[in-house]
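Mapping to the UniProt record's numbering: the sequence shown position 596 is 596, numbers consecutive.
Structure, as structure tokens:
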Amino acid sequence: MANRLAAASSPYLRQHGDNPIDWWPWGPQPLEQARVRQLPLLISIGYSACHWCHVMAAESFSDPGIAAFVNEHFVAIKVDREENPDVDQVFMAATQALNGQGGWPMTVFCTPDAQPFFAGTYFPPTARDGLPSFGQVCQAMAQAWQERRDEVLETGARIATALSTPTPEAGQATHDDEDEAPDAGILLGQLVGGVDHENGGFGTGPKFPQAPVLDALLVTGDPHQVEVVQGTVDHILRGGIHDLVGGGFHRYAVDAAWQVPHFEKMLYDNALMLGTLTRTWRRTELDNTDLRDHIEMAARGIVRWLDEQMRIDTEAGCGFAASLDADSLDEHGEHDEGGYYLWTPGQMDELFDRRDSLFAQACFHLTPKGTMPDHRSTLRLHGDPDMPRLARILDTIRDARNGRPAPHRDDKIVAAWNGLLVDSLVQASMVFGEPDWLSCARGIVDLLWTLHGFSGEQAARTSLDGHAGTAPAMLDDWAGFALGCARLAGATGDQELLERARHAVETACRQFGAEDGTFFDAPAGGPLYTRAAERTDEGTPSATSIMVTALELVALLSGERQWSQRARAASRSLWPGLRMSPLASGWGLADLAVEQAAQAGMGRAQVVVVDESAETHGLLARAAWRLAPEGSAIVVGRPGTPGFGGLFAEREAIGGRPTVYVCRNQTCFEPITDYTALRDPLWRRVVQATLSGHSVRGRRIADLVAARAKAAATLNPNRPASGELPSA
Numbered sequence: 001m002a003n004r005l006a007a008a009s010s011p012y013l014r015q016h017g018d019n020p021i022d023w024w025p026w027g028p029q030p031l032e033q034a035r036v037r038q039l040p041l042l043i044s045i046g047y048s049a050c051h052w053c054h055v056m057a058a059e060s061f062s063d064p065g066i067a068a069f070v071n072e073h074f075v076a077i078k079v080d081r082e083e084n085p086d087v088d089q090v091f092m093a094a095t096q097a098l099n100g101q102g103g104w105p106m107t108v109f110c111t112p113d114a115q116p117f118f119a120g121t122y123f124p125p126t127a128r129d130g131l132p133s134f135g136q137v138c139q140a141m142a143q144a145w146q147e148r149r150d151e152v153l154e155t156g157a158r159i160a161t162a163l164s165t166p167t168p169e170a171g172q173a174t175h176d177d178e179d180e181a182p183d184a185g186i187l188l189g190q191l192v193g194g195v196d197h198e199n200g201g202f203g204t205g206p207k208f209p210q211a212p213v214l215d216a217l218l219v220t221g222d223p224h225q226v227e228v229v230q231g232t233v234d235h236i237l238r239g240g241i242h243d244l245v246g247g248g249f250h251r252y253a254v255d256a257a258w259q260v261p262h263f264e265k266m267l268y269d270n271a272l273m274l275g276t277l278t279r280t281w282r283r284t285e286l287d288n289t290d291l292r293d294h295i296e297m298a299a300r301g302i303v304r305w306l307d308e309q310m311r312i313d314t315e316a317g318c319g320f321a322a323s324l325d326a327d328s329l330d331e332h333g334e335h336d337e338g339g340y341y342l343w344t345p346g347q348m349d350e351l352f353d354r355r356d357s358l359f360a361q362a363c364f365h366l367t368p369k370g371t372m373p374d375h376r377s378t379l380r381l382h383g384d385p386d387m388p389r390l391a392r393i394l395d396t397i398r399d400a401r402n403g404r405p406a407p408h409r410d411d412k413i414v415a416a417w418n419g420l421l422v423d424s425l426v427q428a429s430m431v432f433g434e435p436d437w438l439s440c441a442r443g444i445v446d447l448l449w450t451l452h453g454f455s456g457e458q459a460a461r462t463s464l465d466g467h468a469g470t471a472p473a474m475l476d477d478w479a480g481f482a483l484g485c486a487r488l489a490g491a492t493g494d495q496e497l498l499e500r501a502r503h504a505v506e507t508a509c510r511q512f513g514a515e516d517g518t519f520f521d522a523p524a525g526g527p528l529y530t531r532a533a534e535r536t537d538e539g540t541p542s543a544t545s546i547m548v549t550a551l552e553l554v555a556l557l558s559g560e561r562q563w564s565q566r567a568r569a570a571s572r573s574l575w576p577g578l579r580m581s582p583l584a585s586g587w588g589l590a591d592l593a594v595e596q597a598a599q600a601g602m603g604r605a606q607v608v609v610v611d612e613s614a615e616t617h618g619l620l621a622r623a624a625w626r627l628a629p630e631g632s633a634i635v636v637g638r639p640g641t642p643g644f645g646g647l648f649a650e651r652e653a654i655g656g657r658p659t660v661y662v663c664r665n666q667t668c669f670e671p672i673t674d675y676t677a678l679r680d681p682l683w684r685r686v687v688q689a690t691l692s693g694h695s696v697r698g699r700r701i702a703d704l705v706a707a708r709a710k711a712a713a714t715l716n717p718n719r720p721a722s723g724e725l726p727s728a
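Printed below as a string of structure tokens:
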């Protein structure tokens with residue numbers, strides 16, 4: 001039996017290369033095999049950091065008896081959902097439609113034409129808890145195919161038809177029937193009304209950080225909305241979901257109080273959380289020092305974790321690995337879910353003298369009972385301990401933890417997630433004053449441009465060991481790359497980076513765009529019965545919402561309004577989901593709030609920092625990044641910097657001093673050379689002759705923003721002491 005997964009570009013697939021099941025990677029070949037052999041497909045979908053994926057592999061996929069049956073009666077396909085998100089998306093919709101829920105590992109049985117007729121998630125090796133065994137399921141599906149094939153084919157065709165995406169070219173795109181956009185102010189109010197006031201966040205367990213939704217609540221600066229975010233962030237930072245020792249965040253918490261996480265650590269979660277923490281810090285007043293310190297510590301912890309544990313350097317540049325597993329090996333060599341991160345009071349006694357041990361146990365809620373069934377505990381921050389002492393304690397625990405077997409790392413570099421990381425790294429670099437983070441962001445962009453092939457018309461979604469993968473880039477890859485490039489172009493004043501962003505949005509519009517302005521997530525011509533087009537967030541912001549954000553930023557930096565018009569057309573496809581739930585699309589809601597504020601003369605602005613030295617982290621540049629409303633485009637450069645839609649034309653550094661030019665809605669304010677005077681033009685409302693024609697919704701959002709601006713002006717009216725820059 002050939003090991004077809006040995007050379008796969010996915011470490012997850014390689015992990016299954018030694019299974020006795022004759023796995024195929026996703027592609028046209030196994031579908032052709034199924035047609036020739038007239039066998040159904042068994043499609044198993046998972047990812048490297050998935051705990052139950054590993055469990056099912058050990059229990060069932062490694063069983064010789066099960067493997068022999070599968071090899072005789074099915075063509076088996078193993079899919080990495082992170083490498084082929086379109087495949088995952090299509091079959092997840094089928095799994096949810098058939099079962100009311102879905103998850104991973106995902107187990108789907110299909111006709112040779114890849115039409116699903118049965119789907120589930122994890123199946124045990126023997127029947128238990130109302131679940132049939134995996135072997136029983138396989139036997140039942142094989143029997144159905146042999147004895148009731150016509151019925152199975154009819155079922156698959158019916159399911160495929162029901163789940164097929166309406167054809168946008170036929171005028172059936174997922175646009176809302178109503179012409180008017182939903183009211184962002186009402187949707188934001190619904191979010192505030194649904195918050196868990198005791199623990200922060202939304203819902204009960206399992207509870208996800210929902211970083212894109214928190215971003216939406218920060219747009220207007222409404223005090224109640226900002227308080228919701230600050231409270232949620234504070235609970236998350238103190239919870240077991242936050243890796244206080246090594247930095248970064250686990251994927252989600254299984255309980256409402258954030259105590260016990262699901263222990264895998266994903267790049268996309270941490271890329272998004274870095275951006276959310278940066279925005280929250282900008283919105284937190286200077287006198288709230290404890291929260292600001294905790295937020296900054298967590299943001300720096302993410303970057304430290306990325307640099308120490310996730311960075312992959314290649315000749316083309318640097319990239320960051322996809323994930324860390326939930327499992328690690330214990331002292332007996334057995335898989336131990338979360339064991340790398342868990343502690344007991346006795347272990348603190350071994351690491352510290354009595355006084356420091358008691359301090360650590362009090363700081364981290366360590367009790368003999370613990371938070372886990374075996375009495376071990378996650379570390380959760382209690383109170384506001386002395387920060388230097390806490391840092392020393394954490395350093396000692398980190399050194400001890402480094403002696404434990406580390407969780408497995410999935411080394412594939414996913415373009416979309418690295419693009420989102422660039423976007424967050426740039427903003428964090430400018431806000432927290434870390435030029436090295438810009439250099440790291442540039443390394444990511446260069447790797448994607450060359451190794452992944454974003455310089456051309458066809459790009460790879462992933463790479464591994466310095467080689468591009470075979471899976472094509474999806475819409476979120478092109479959009480994430482464009483967004484990261486554009487953000488970095490603004491911070492550095494590098495016109496070539498803006499050209500890369502323009503190339504990416506142009507290519508994405510050609511390859512993924514529909515005639516009515518909406519977007520598909522996958523390229524045309526795939527073997528699936530429908531073309532993926534997800535409008536709601538699934539772990540990351542939807543590809544469409546990332547694309548909308550990238551298009552607006554490119555439009556502001558380039559002065560090319562057609563990109564903004566394209567963004568407006570695409571954003572309409574997010575409205576139905578937002579009407580059903582404001583949790584459906586965090587970045588879609590953020591864009592809606594920014595756009596409705598802009599319609600009434602508030603919010604996003606073009607901010608040009610003219611500096612003869614072109615210093616990226618000069619005082620005025622950093623102040624602009626800290627103060628600018630969400631949705632703004634900020635660019636720094638020397639007088640006469642070419643490109644950027646002429647933003648630097650005839651703009652000088654007044655008196656040789658760095659000077660900021662702020663424009664909003666084709667209206668420019670007086671140049672600023674003193675950062676303490678910068679807040680006023682950034683938040684000043686532009687009253688135009690057409691304002692009376694704007695919608696009530698836009699005015700309502702603008703009123704929220706204006707109220708925030710008025711309140712902010714009273715927070716710190718004098719020049720901050722010791723050179724401290726103001727917050728937004």
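Cβ coordinates follow ideal geometry from the N, Cα and C atoms, glycine included.
Rounded to the nearest angstrom, what separates residue i and residue j at their Cα positions?
i           : j    : result
V554        : H503 : 10 angstroms
residue 745 : F648 : This structure gives no information on residue 745, because the portion of the chain shown stretches from 1 to 728.
E534        : R389 : 47 angstroms
G559        : V594 : 18 angstroms
L464        : H197 : 43 angstroms
C509        : G517 : 9 angstroms
P261        : S377 : 11 angstroms
N418        : R409 : 16 angstroms
R282        : A524 : 41 angstroms
D176        : S573 : Low local confidence applies: a pLDDT of 43 at D176 is under 50, so the model's placement there is unreliable, and no value is given.
K369        : G231 : 27 angstroms
V662        : C668 : 6 angstroms
With a CB to CB cut of under 8 angstroms and the five nearest residues on each side skipped, what residues in its chain are close to residue i?
i    : result
L620 : V609, D611, P658, T659, V660, I672, T673, Y675, L678
V445 : G317, V422, F481, G484, C485, L488, L497, R500
R398 : V245, G246
Excluding sequence positions up to five away, which residues of its chain have a Cβ less than 7 angstroms from the Cβ of residue i?
i           : result
T616        : P435, L438, A491, T492, V636
L131        : F123, P124
Y529        : A114, Q115, A160, S164
A85         : Checking the sequence, you will find Pro at residue 85 rather than Ala. Closer than 7 angstroms at the Cβ level, and outside the excluded window around P85, lie M474.
R35         : P112
D80         : S10, Y12, L13, Y47
residue 731 : Missing from the structure shown is residue 731; the chain here goes from 1 to 728 and no further.
A570        : G517, T518, F519, T544, M547, V548
T536        : S542, G577, A584, S585
T470        : S9
Considering only their Cβ atoms, is the gap separating residue j from residue i smaller than 8 angstroms?
i    : j    : result
A142 : A119 : no
D349 : D336 : no
Q259 : G239 : yes
L324 : A49  : yes
V245 : L394 : yes
I45  : M106 : yes
E296 : F109 : no
T396 : L351 : yes
Evaluate residue i with the Cβ neighbour count: other Cβ atoms within 10 Å of its Cβ, from every protein chain shown; 16 or more gives buried, anything less gives exposed.
i    : result
H467 : exposed
T126 : exposed
R651 : buried
E83  : buried
V687 : exposed
A173 : Confidence in A173 is poor, its pLDDT being 43 and thus under 50, which makes the residue's placement unreliable; the coordinate value appears in the next sentence. When all chains shown are included, A173 counts as buried.
Q361 : buried
H235 : buried
P407 : buried
R561 : exposed
T371 : buried
Against chain C, does residue i count as a neighbour if the rule is that its beta carbon must be under 8 angstroms from one of theirs?
i    : result
C668 : No chain C is part of this structure, which consists of one protein chain only.
*Scan the region 489 to 520 and note each continuous beta strand (DSSP E) run of 3 residues or more that stays entirely inside, going in chain order.*
With a minimum length of 3 residues, no continuous beta strand (DSSP E) run stays inside the region 489 to 520.
*Which residue spans inside the region 567 to 610 form an unbroken beta strand (DSSP E) run of at least 3?*
Taking only runs of at least 3 residues, the beta strand (DSSP E) segments lying wholly in the region 567 to 610 are 606 to 610.
*Let me know the beta strand (DSSP E) ranges lying completely inside the region 319 to 355, each 3 residues or longer, listed in chain order.*
Counting whole runs of 3 or more residues, the region 319 to 355 contains the beta strand (DSSP E) stretches 327 to 329, 335 to 337.
*Whole alpha helix (DSSP H) elements within the region 617 to 697, 4-residue minimum*: The region 617 to 697 contains these whole alpha helix (DSSP H) runs: 619 to 627, 679 to 683.
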